[in-house]
Amino acid sequence: MGKLTRIFWIMLAVPIAFWLLTDSTVFQAPSFFPLRSAMVQITGILAIGCMSVATVMALRPLWLEARVDGLDKVYRLHKWLGIAALVASVLHWLWAKGPRWAVEWGLMAPRPRGPRPTLQDPLQIAFSRLHGPAEQVGEWAFYAVLVLILVALLRVIPYRAFYKTHRLIAAVYLLLVFHAVVLMKFSYWSSLIGVLMAVLLGWGTYAAIVALLRRIGASRQVQGDIRTLHYYPGVQVLETEIGIADGWPGHKAGQFAFARSDPSEGAHPYTIASDWRPERPGITFLTKELGDHTSRLREKVAVGQAVRVEGPYGCFTFDDDRPRQIWIAGGIGITPFVARMKHLAWQSRADGRTAGQSIDLFHSTADVDREALDNLAADVRSSAVRLHLMVDARDGRLTGEQIRKAVPGWEEASIWFCGPVGFGNALKQDFARHGFPVQERFHQEFFDLR
């Protein structure tokens with residue numbers, strides 16, 4: 154089980170454990186309806202808890218990025234929590250609605266009702282009066298969040314529309330906070346699970362407000378302008394050099410940033426293809442035409458155009474003490490390696506230092522552009538990296554066996570992969586079968602933030 158998977162299951166296990174420590178009556182339920190009440194509570198707690206953490210993750214917190222090895226991993230957790238929230242919400246809805254339908258259809262006897270307990274606490278009395286509105290708000294908010302999460306997961310709309318609809322989840326979340334606060338079992342609020350929920354709901358509410366105000370990452374944004382544009386037709390890649398104003402903290406090779414050239418589109422993530430030079434502050438992006446936004450980017454940007462840049466993010470920064478590194482790039486995944494080679498070349502020119510590591514770069518590509526390959530060859534020469542160029546039509550798909558044959562001492566190396574997720578997973582599994590410690594030394598960038 155990988156680190157990210159462990160974190161995900163811990164996030165689910167903690168509220169369940171706190172709930173069981175608070176209320177273990179689920180194991181003593183004398184009949185169906187007490188069990189149903191307990192299930193409504195825990196599924197609701199899990200649903201709003203997952204949504205709360207996912208909403209906080211949408212703020213792109215740097216403290217969390219450092220703990221899970223990159224913002225790409227944060228967004229993967231965000232996606233998993235969204236799926237978990239969706240599943241828990243459906244179960245919550247079924248436990249709440251299903252028995253009522255069964256009673257209405259004559260499949261189940263109505264719940265026996267005794268005299269209602271007399272309430273003494275003024276706050277509990279106020280909450281009890283809000284039960285009806287909270288149930289109605291929660292039901293309609295559930296339908297809305299169901300649609301919005303499914304739209305996000307199924308990718309049925311282009312990014313420019315997704316950017317707007319996904320932000321609506323923050324507004325729906327605030328309605329669900331009201332639902333949860335009123336309808337969670339009142340006695341829970343003075344218990345361990347109540348403390349946990351108060352923290353999650355408060356934190357999530359803050360994050361939702363920040364998202365609705367469009368202030369995500371505001372403190373890490375700087376103004377820039379496009380210096381140059383160059384298109385490589387053979388690989389359908391646009392190179393964009395952006396000069397940036399004061400305030401950019403600098404970046405490491407392998408990191409990425411969000412850039413916004415059109416406010417209606419929102420910010421898009423791009424891996425940085427340049428090293429950091431304080432004397433000429435700027436960054437370069439290499440953008441492959443893959444989706445609706447990137448395919449139209451050439452038509453929408455121009456030299457001199459203002460660009461808002463946010464970052465840097467990412468932990469794919471080549472930091473280790475291994476004597477050898479193996480770099481594997483699939484298609485446009487070459488970008489972080491270009492940035493690293495430029496940094497190594499600058500470092501060598503500046504003070505004569507070298508990487509101190511033996512580096513092999515495997516670049517597997519289906520497309521070929523002569524100018525782009527010439528630029529890559531120049532970067533390889535200046536950084537003393539060994540290039541293994543694999544063109545799909547000529548050499549076939551790159552395999553782990555080919556890498557192991559080409560790199561003596563591969564067992565002592567670290568592997569850095571950037572490219573299609575399926576390709577990376579296949580190589581990771583292949584190396585794991587050959588005894589390579591993939592959890593510690595196979596670094597994979599999941600550059601899929603939607």
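Those letters in the sequence shown? Residues 154 to 603, per our numbering, in order.
No residue lacks a Cβ here, since even glycine has one placed at the ideal position from N, Cα and C.
Does the Cβ-Cβ distance between residue 487 and residue 462 come in under 8 Å? It is not a contact, given that the beta carbons lie outside the stated cut-off.
State the start and end residues of the unbroken beta strand (DSSP E) segment that holds residue 456. Taken as a continuous stretch (DSSP letters only), residue 456 belongs to no beta strand (DSSP E), as it is neither H nor E.
Rounding to the nearest angstrom, what Cα-Cα distance links residue 513 and residue 482 in this structure? Roughly 11 Å between the two C-alpha positions.
Using the Cα positions of residue 194 and residue 347, report the straight-line distance between them to the nearest angstrom. Rounded to the nearest angstrom, the two C-alpha atoms are 12 Å apart.
Would residue 295 and residue 305 be called neighbours here (beta carbons separated by less than 8 Å)? The answer is no: Cβ separation not under 8 Å.
For the candidate residues 454, 444, 398, whose alpha-carbon lies nearest to that of residue 416? Measuring from the Cα of residue 416, the nearest candidate turns out to be 454.
How big is the Cα-Cα spacing for residue 552 and residue 447? Spanning the two alpha carbons is a distance of roughly 29 Å.
Does any residue of chain D have a CB that is nearer than 8 Å to the CB of residue 547? Checking the listed chains, one finds no chain D in this structure; it contains a single protein chain.
Checking the sheet assignment: what are the DSSP bridge partners for residue 543? Looking at the DSSP output, residue 543 bridges to 517.
Answer yes or no: do residue 438 and residue 393 have a C-beta to C-beta separation smaller than 8 Å? Taking 8 Å as the Cβ cut-off, residue 438 and residue 393 qualify as a contacting pair.
In chain order, what residues of the same chain have a beta carbon less than 7 Å from the beta carbon of residue 290, not counting five sequence neighbours either side? Counting only residues of its own chain and dropping the five nearest sequence neighbours on each side, residue 290 has a CB closer than 7 Å to the CB of 328, 331, 332.
Go ahead and pull the three-state DSSP assignment for residue 383. Correct three-state label for residue 383: strand.
Does the beta-carbon distance from residue 208 to residue 371 come in below 8 Å? Not a contact, by the Cβ cut-off of 8 Å.
Buried versus exposed, by CB contacts within 10 Å (16 or more), residue 183: The residue in question, residue 183, is exposed, as its Cβ has fewer than 16 Cβ neighbours within 10 Å.
What residue does the beta strand (DSSP E) around residue 320 start on, and which one ends it? Secondary structure note for residue 320: it is in no beta strand (DSSP E), and the uninterrupted alpha helix (DSSP H) holding it is 312 to 336.
Quick check: residue 475 and residue 344, are their CB atoms within less than 8 Å of each other? No, the Cβ-Cβ distance between residue 475 and residue 344 is not below 8 Å.
Determine, using beta-carbon pairs with one atom in the stretch 591 to 601 and one in the stretch 217 to 227, whether at least three such pairs fall under 8 Å. The stretch 591 to 601 vs the stretch 217 to 227: in contact.
Does residue 132 come out as helix, strand or coil in the three-state DSSP assignment? Outside the displayed range of the chain (154 to 603) lies residue 132, so it cannot be described from this structure.
My guess is that residue 401 and residue 422 are in contact by the Cβ rule of under 8 Å, so how many angstroms apart are they, rounded? About 16 Å; that fails the 8 Å criterion.
Distance check for residue 239 and residue 268, CA to CA, integer angstroms please. Taking the straight line from one Cα to the other gives about 36 Å.
Verify whether the separation of the beta carbon atoms of residue 628 and residue 179 is less than 8 Å. The structure shown does not extend to residue 628, since the chain spans only 154 to 603, so no value can be given for it.
Rounded straight-line distance, which links the Cα of residue 548 to that of residue 578: Roughly 20 Å between the two C-alpha positions.
By the three-class DSSP mapping on this structure, what secondary structure does residue 483 have? The three-state reading of DSSP puts residue 483 in strand, counting E and B together.
Please go through the same chain and pick out, in chain order, the residues whose beta-carbon is closer than 6 Å to the beta-carbon of residue 249, but skip the five residues on each side of it. Apart from the 5 residues on each side of it in sequence, residue 249 sits with its Cβ closer than 6 Å to the Cβ of 193 in its chain, given in chain order.
Cβ neighbours of residue 323 in the same chain (closer than 6 Å, five flanking residues each side left out): Leaving aside the five residues that flank residue 323 on each side, the residues in its chain whose CB is nearer than 6 Å to its CB run, in chain order, 361, 364, 365.
Quick one: what's residue 569 bridged to in DSSP? Looking at the DSSP output, residue 569 sits in a beta bridge with 480, 596.
Where DSSP assigns a beta bridge to residue 439, which residues make up the other side? In the DSSP output, where bridge partners are listed per residue, residue 439 has 392.
Are the beta-carbon atoms belonging to residue 406 and residue 489 less than 8 Å from one another? Yes, the Cβ-Cβ distance between residue 406 and residue 489 is below 8 Å.
Taking the alpha carbon of residue 396 as the reference point, which residue from 519, 261, 460 has its own alpha carbon closest? Among 519, 261, 460, the Cα nearest to that of residue 396 belongs to 460.
Kindly indicate the opening and closing residues of the beta strand (DSSP E) around residue 424. Residues 421 to 424.
On the CB-based measure, 16 or more other CB atoms within 10 Å of its CB, does residue 479 come out buried or exposed? Residue 479 should be labelled buried.
Note down the Cα distance separating residue 573 from residue 426, rounded to an integer number of angstroms. If you take the alpha carbons of residue 573 and residue 426, they lie about 18 Å apart.
Touching by the beta-carbon criterion (3+ pairs, under 8 Å), the stretch 583 to 594 and the stretch 463 to 471: Cβ pair count under 8 Å is below three, so no.
How long is the line joining the alpha carbons of residue 530 and residue 492, rounded to whole angstroms? The straight-line gap from Cα to Cα measures roughly 13 Å.
Given a threshold of 16 other Cβ atoms within 10 Å of its Cβ, counted over all protein chains shown, does residue 575 qualify as buried or as exposed? Flag for residue 575 reads exposed.
For residue 375, does the three-state DSSP call read helix, strand or coil? In this structure, DSSP gives residue 375 an extended state, which the three-state scheme calls strand.
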